[in-house]
Every structure is written in structure tokens, then in C-alpha cells.
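Okay, so here's the structure we're looking at.
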């Protein structure tokens with residue numbers, strides 16, 4: 509499973525085996541909060557099956573959905589890099605199964621296989637670039653341009669140029 513995940517693509521079979529042997533599989537029913545915003549962060553979640561929404565909420569409970577993710581996607585990667593709290597909450601939108609890699613295990617494997625860290629850094633850099641483009645779009649484009657960007661992003665996520 510891990511070889512299909514973006515941040516682990518290109519790793520050697522030995523590196524993948526080391527990560528897989530250090531991981532735990534866990535399932536959650538629909539509508540379960542898997543991680544809570546501001547909780548201590550100690551693990552990376554890879555979605556083996558199912559779908560989740562990543563969101564932030566204000567003190568009144570109003571939610572802002574930042575992303576939806578499905579099988580092969582991952583979240584919680586920042587937990588592997590620093591000691592900060594979770595930056596968002598994640599809730600299952602259908603029954604979901606995760607491969608969970610805890611920080612201590614990841615760091616042990618990382619010490620033995622530094623290529624994993626370089627790959628993670630490259631993928632995080634890509635996410636930062638995407639977020640920068642999103643902020644630029646929000647700040648500098650009119651509503652029509654922003655809607656066009658969202659539609660293009662959605663069609664790229666599907667990979668076939670369609671929206672549904």
C-alpha cells in the first residue's frame with residue numbers, strides 16, 4: 509500500500525518494508541473524528557480505504573473544510589517534523605481504514621533510511637507551493653478567477669479533466 513502513496517513513491521523496497529513493519533492498521537466508522545485540531549501530534553495517517561474531510565472550526569463550531577481525501581492520500585505529516593499541535597481536525601465521511609506511522613517509529617526508520625526524509629521534504633515543498641498559489645489566487649483574483657482555479661484544481665485531482 510505505501511508504495512502507492514505520493515510521499516513514499518520512489519523509495520526502495522527495503523525502505524518501504526521498514527516503514528510498513530513499523531506501522532499499525534486501524535479502522536474507524538463513518539463520522540468519527542480521527543484527529544482533533546490543537547491536540548498533540550504524534551503520527552502520520554495514510555488512508556488505505558474510505559474518505560475523510562480535513563477541517564478547522566471556530567469557537568462557535570463553524571467548520572471550514574480545507575480538503576477531502578481518499579485512499580492513497582495522507583495527513584498528519586507535520587507531526588513527523590516538529591512538536592507542534594495538530595493544525596486541523598480530520599473526520600471520516602465513510603468507514604475508513606488507515607495505516608498509522610507513529611513519530612518515534614518514523615524517526616527510527618528515518619535514521620536508517622535518510623532517503624525517506626528527503627522525499628518527505630520534497631512533497632511538503634510541493635504542498636507549500638500549492639498553498640502559496642491558493643493564497644495568491646484569493647488575494648489577487650476576482651471571484652470568477654477564483655472559481656475557475658477551483659474547477660481546474662478539481663479536474664486535475666480526478667486526473668481525466670472532468671469534474672464528476
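Residue numbers (my numbering): 509 to 672. Built from N, CA and C at the ideal position, the CB exists for glycine as well.
query                                                                                                                                             : result
When the distance is taken between beta carbons, is residue 530 closer than 8 Å to residue 613?                                                   : yes
Based on DSSP bridge pairs, tell me the residues matched to residue 608.                                                                          : 532 and 553
Just the C-alpha distance for residue 599 and residue 522, rounded to the nearest angstrom, thanks.                                               : 32 Å
Among 658, 631 and 628, whose alpha-carbon lies nearest the alpha-carbon of residue 641?                                                          : 658
Are residue 604 and residue 549 close, meaning C-beta to C-beta below 8 Å?                                                                        : no
What residues are listed by DSSP as bridge partners for residue 593?                                                                              : 548
Straight-line CA distance for residue 652 to residue 646?                                                                                         : 11 Å
Given residue 602, which residues of its chain have a CB within under 7 Å of its CB, disregarding the five upstream and five downstream residues? : 538, 558 and 559
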